[in-house]
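Numbering (the working numbering), first residue to last: 9 to 295.
Backbone N, C-alpha and C define an ideal beta-carbon position, used for all residues, glycine too.
Remember, predicted model here, so these are calculated numbers, not experimental data.
This report refers to the structure that appears directly beneath it.
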């Protein structure tokens, strides 16, 4: 049985480990600048998307505060983004929307140079900067999507209320997926694959909330100029540590098909978390 002093010492070690895994404020700001530039280009006046108010927002670990540094300088930071349109042309299928977003990216020389091969759901921009003063490697996965009518108002209102799992469904969005059976045919967004990045983020922050600690709100993470989070809640630290353990465990394996994706680690840790304030207690309970 550990003494309280020993528990504090181990908890401090885990906290320091988590801090060392954090992305830097410089990396954070570079990512924000990059995705805002992408959003501005997609909404440019002569873009086919312009009439539908395209907006590029971060999703996933970027807004959850659980991003971690790559193991080596040759690995990328992985930044997940969603390109939201308030509606679409009635004739557009998933295929049409995905190609229009891709074509608009290709029409910008800088983005065309950065563009990777088309992914299942996303377009990926791969950023590389190597100099004496800076070595940056990150890629941004841009997921085309359609939101429901009044979505932005509903989302903003949801920030102001206590979390309600029953109401999360209204935050779902319709996304492109080239493995979907109706990818080339369906013009009805209700038949498309659904995702719910902001509903999930609200659930995560509700699970992470500890009344005696300052709460970092989801609203701070997704506003136009997002806030860089220096202090983390215990659950955020645990998810970071578990993700690093996953990376180390699989780094030398040629076949990585069994490597758990971050959303699984994050979800299982969140379900197991029991509002512990001490990082060691939280880590022990979740394991």
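Check your understanding: Starting from residue 48 and walking both ways along the alpha helix (DSSP H), at which residues does that stretch end?
Key -> 33-50
Review point. Whose C-beta lies closer than 6 Å to the C-beta of residue 258 among residues of the same chain, with five residues either side of it excluded?
Key: 264, 267
Practice item. Find the nearest neighbour of residue 11 within the set 295, 294, 288, 293, judged by alpha-carbon distance. Key: 288
Check your understanding: Whole alpha helix (DSSP H) runs in the segment 122-190 with 4 or more residues, listed along the chain?
Key -> 159-168
Review point. Per DSSP, residue 66 forms a beta bridge with which residues?
Key: 89
Review point. Near residue 347, what residues of its chain come up, given a Cβ to Cβ distance below 7 Å and the 5 sequence neighbours on each side ignored?
Key: Because the chain in this structure spans residues 9 to 295, residue 347 falls outside the shown range and cannot be described.
Check your understanding: According to the Cβ coordinates, are residue 62 and residue 87 closer than 8 Å?
Key -> no
Check your understanding: If you draw a straight line from the alpha carbon of residue 57 to that of residue 250, how long is it in whole angstroms?
Key -> 39 Å
Practice item. In the DSSP assignment, find the unbroken alpha helix (DSSP H) run with residue 114 in it and report its ends. Key: 102-114
Review point. Thinking C-beta only, is residue 94 closer than 8 Å to residue 155?
Key: yes
Check your understanding: In terms of alpha-carbon separation, which member of 132, 255, 198 lies closest to residue 157?
Key -> 198
Check your understanding: Grouping DSSP H, G and I as helix and E and B as strand, with all else coil, what is residue 334?
Key -> Since the displayed the chain opens at 9 and closes at 295, residue 334 lies outside it and no answer follows.
Check your understanding: The beta strand (DSSP E) with residue 202 in it runs from where to where?
Key -> 201-203
Check your understanding: Does the Cβ of residue 30 have 16 or more other Cβ atoms within 10 Å, making it buried, or fewer, making it exposed?
Key -> buried
Review point. Measuring CA to CA, which of 201, 178, 254 is closest to residue 189?
Key: 201
Review point. Which term fits residue 47, buried or exposed, when burial requires 16 or more other beta carbons within 10 angstroms of its beta carbon?
Key: buried
Exercise for review: Please list, in chain order, all residues of the same chain as residue 83 whose beta carbon is under 8 Å from its beta carbon, the five residues on each side excluded.
Suggested key: 145
Check your understanding: Run through DSSP, which three-state label would residue 282 get?
Key -> coil
Practice item. Go ahead and pull the three-state DSSP assignment for residue 293. Key: helix
Review point. By DSSP, does residue 55 sit in helix, in strand, or in coil?
Key: coil
Review point. Quick one: is residue 39 buried, meaning 16 or more other Cβ sit within 10 Å of its Cβ, or exposed?
Key: buried
Review point. What does a CB cutoff of less than 6 Å around residue 177 pick up in its chain, not counting 5 residues either side in sequence?
Key: none
Practice item. Determine the DSSP secondary structure at residue 12, reduced to helix, strand or coil. Key: helix
Review point. In three-state DSSP terms, what is residue 296?
Key: Here the chain has residues from 9 to 295 only, and residue 296 is not among them.
**Study point:** Option nearest residue 72 by Cα separation, candidates 148, 241, 283, 262
**Key:** 241
Check your understanding: The alpha helix (DSSP H) with residue 251 in it runs from where to where?
Key -> 242-258
Check your understanding: Does the beta-carbon of residue 74 have 16 or more other beta-carbons within 10 angstroms, so that it is buried, or is it exposed?
Key -> buried
Exercise for review: Note down the Cα distance separating residue 22 from residue 245, rounded to an integer number of angstroms.
Suggested key: 8 Å
Exercise for review: Verify whether the separation of the beta carbon atoms of residue 130 and residue 150 is less than 8 Å.
Suggested key: yes
Exercise for review: Determine the direct distance from the alpha carbon of residue 110 to that of residue 191, and round the result to whole angstroms.
Suggested key: 16 Å
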